Amino acid sequence: MESLPIATPRTLRPVIGSVTLSLIVAFYLVFVTNMTFWSKAVEYLGAPSTALLLLGIGLFSLFAAICVTASVKYLTKPFFILLIMIAAASARFMDTFGTIIDVDMIRNAAQTTNSEAGHLLTSGFLTHMFLFGIVPSLLIVLVRIKHRPFPQKFKHNIVLILCLLAVFTSVGIANIRTFAATLRQHRDLVATLNPAAPIFNAVRYVVATGAEKNIVVQPIGTDARVIAPMQSGKPRVTIVVAGETARAENFSLGGYDRETNPLLARQDIQYFTNTSSCGTATAVSLPCMFSVYTRANYTHRKGLSTENLVDVLSRAGIKTEWWENNTGSKGIADRIAYTSFSDINDPRFCKNNECIDDVALDGLGAWLDGVKGDSVLVIHQQGSHGPAYYLRYPEKFRRFTPDCRTAELGSCSRQEVVNAYDNSLLYTDYILSSVIDMLKAREDKMAGSMIYMSDHGESLGERGLYLHGAPYFIAPSQQTQIPFVLWTGKETKAGIDQACQQATLNDPRSHDNLFHTVLGLMNVSTKVYEPALDALASCRPRTGS
Ligand SMILES: [Zn+2]
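In this note's numbering, the protein residues as written are 103 to 647.
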């Protein structure tokens, strides 16, 4: 036994055995930072139930085995504190927003901008981190950990770890059928196990990112060319508005009972009522919608390693540009002209490097007037990017009130959150309608089109979920059903059978269609173009142009 000196400040610090501390930390992690996991477990296994009890015993044994394994001198405190901090932060997002922290969510977080991340660091988050992260960590810093002499500790811990693993295994085997069926049916259960799932997925993300460093982008559509100019000789101009966080459910064009699209409703547009997104987060959806791959064939790696729509358009000789008003093009615009409004930070539209979408309209007229030949402009808008919806629209569009005026959604009523979100859609309606007006005003000089698709939708409290980014297999329709708007000028319209086109508006559409529809609008011929995925091809006469 080690003898402790008396009457020094060190003695004021409580002493705790390394195994006892390991058990306390394991208990804390399993039962305090896992509210979402346990609420799902109760729902899926029933309560009270033997399966639920066994699950608790099994998980505690597993976590305890891991903590005891790590409870070696100098490693114990930093390791436990790291686990607790990760668990506290993850618990906040899982418990408050229903977020599942998978690889895509981590990628999205890693690729986000500082101003966007700032909106998530609310007072609620900081309070949560203080209570569930800092306070327990300080307690760990404060205590003095008593370790047994090494050979004795080694033997003792090995026996203990084996016993704990034996409990974990036998509990699992005793109930294998229930657990196997539950895990198969409810993949979201394991996905919320804290901090195991976030750590596992962070490691997967780091490994994948390392492997992606050496990717060489492969060209596609090397044969791309514009088949024939417009008969009138005017340049074809397509504006692609890559929308942000707009869900179809709240578009009045699709039947929402609140008038969120009053201006678009008066334009001669086509609205595709049944359109689904490729992913539920920008980092997935955006590269996917511009890629040649369909959702079924798309992977993040394929997206990175293959040229995309804007590359093919450039290769065909079309002037292609990207205007960015969100969190970046995710690599899509790496090889074309690129403007980032948040970098310019124009004080008329921007605050802290975040701009409302009027910033894009500001330069659009001049850009259109400068068009010399076939051109495509992509505008990646700020749209309805949450949780600070109230920052997305100017005062003039604050029509649905009271609107939630904070990023701390929990401190607003659900109706206030919906009001703020709907105002942001109302503003997008104005932006899109203005783009159309600018194209219409120049019909004597160009054959214009506008195509708008949101990257993903948004949850506004349905089933306790907020924001977006749910794994696709469990994502609610609010996150995957997106608005898709098309406007074509007179000359382009003349080449499309309107009655035929009208009859397709309720057909299932998706991000798979963007690549091919834009190639079709620009009359680009290439072997990677698939008419079956062009939302207009089936109603175009075979002669083309
Ligand atoms: Zn997005």
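Backbone N, C-alpha and C define an ideal beta-carbon position, used for all residues, glycine too. Just so it is clear, the structure is predicted and the values come from calculations on it, not from any experiment.
Any idea what DSSP makes of residue 441, helix, strand or coil? strand
Roughly how many angstroms separate the alpha carbons of residue 251 and residue 129, rounded to a whole number? 25 Å
Cα-Cα separation between residue 104 and residue 259, rounded to whole angstroms: Because the pLDDT at residue 104 is just 45, under 50, the model does not fix this residue reliably, and the value given afterwards should be weighed accordingly. Computed Cα separation, rounded: 19 Å.
Would you check whether ligand 1 has a heavy atom nearer than 7 Å to the C-beta of residue 346? Closer than 7 Å to some heavy atom of ligand 1: that describes the Cβ of residue 346.
Using a threshold of 8 Å, state whether the C-beta atoms of residue 200 and residue 566 are closer than that. yes
Within a Cβ cutoff of 7 Å, which residues of the same chain sit near residue 221, ignoring the five residues on either side of it in sequence? 489, 490 and 509
So what does DSSP say about residue 287, is it helix, strand or coil? helix
Using the three-state DSSP reduction, which class does residue 423 fall into: helix, strand or coil? strand
Kindly provide the ranges of any beta strand (DSSP E) runs that are 3 or more residues long and lie completely inside the stretch 535 to 604, ordered along the chain. 549 to 556 and 586 to 590
Please say whether residue 349 and residue 584 have beta carbons closer to each other than 8 Å? Cβ atoms of residue 584 and residue 349: closer than 8 Å.
Measuring CA to CA, which of 477, 191, 416 and 558 is closest to residue 323? When 477, 191, 416 and 558 are compared, the shortest CA-CA separation from residue 323 is found for 416.
Range covered by the alpha helix (DSSP H) that runs through residue 262: 252 to 276
Is residue 314 buried or exposed, if buried means 16 or more other CB atoms sit within 10 Å of its CB? exposed
Considering only C-alpha positions, which residue in the set 437, 262 and 295 is nearest to residue 188? Residue 188 has its Cα closest to that of 295, out of 437, 262 and 295.
With hydrogens ignored, establish whether the beta-carbon of residue 219 is closer than 7 Å to any heavy atom of ligand 1. Within the chosen limit of 7 Å, ligand 1 does not reach the beta carbon of residue 219 with any heavy atom.
Under a three-way DSSP split, which group does residue 183 fall into? helix
Per-residue DSSP class, three states only, for residue 631: coil
Under a Cβ-count criterion, where at least 16 other Cβ atoms within 10 Å of its own Cβ denotes burial, should residue 124 be classed as buried or exposed? buried
Could you check whether the Cβ of residue 384 sits closer than 7 Å to any heavy atom belonging to ligand 1? yes
Take residue 629 and list the residues in its own chain whose beta-carbon comes closer than 7 Å to its own, dropping the five residues that flank it on each side. Once the five neighbours on either side are set aside, the close Cβ partners of residue 629 are 325.
Are the CB atoms of residue 625 and residue 219 within a distance shorter than 8 Å? no
Just to confirm, are residue 438 and residue 424 a CB contact at a threshold of 8 Å? yes
Ignoring anything shorter than 3 residues or poking outside the stretch 361 to 411, list the beta strand (DSSP E) runs there in chain order. 372 to 374
Distance between beta carbons of residue 459 and residue 484, contact taken as under 8 Å: 5 Å
From which residue to which residue does the beta strand (DSSP E) around residue 477 run? 477 to 482
What I want to know is whether the C-beta of residue 100 ends up closer than 7 Å to one or more non-hydrogen atoms of ligand 1. Because the chain in this structure spans residues 103 to 647, residue 100 falls outside the shown range and cannot be described.
Can you have a look at residue 541 and say buried or exposed, based on whether 16 or more other CB atoms are within 10 angstroms of its CB? The residue in question, residue 541, is buried, as its Cβ has 16 or more Cβ neighbours within 10 Å.
Pair within 8 Å by beta-carbon distance, residue 383 and residue 613: no
Take residue 521 as the anchor and find which of 279, 158, 499 and 343 has the nearest alpha-carbon. 499
If you follow the beta strand (DSSP E) that residue 247 is part of, which residue opens it and which one closes it? Looking at the DSSP string, the run of the beta strand (DSSP E) that includes residue 247 is 246 to 248.
Assign residue 282 to one of three DSSP states: helix, strand, or coil. In this structure, residue 282 counts as helix in the three-state DSSP scheme.
Terminal residues of the continuous beta strand (DSSP E) containing residue 501? Note, residue 501: premise wrong, no beta strand (DSSP E); not H, not E.
Selection from 393, 412 and 399 that minimises the alpha carbon distance to residue 406: 393
Assigned secondary structure, residue 509 (DSSP; H/G/I helix, E/B strand, else coil): coil
Among residues of its own chain, excluding the 5 on either side of residue 195, which ones have a beta-carbon nearer than 6 Å to its beta-carbon? 201
Would the stretch 235 to 247 count as touching the stretch 337 to 356 if we require 3 or more Cβ pairs under 8 Å? no
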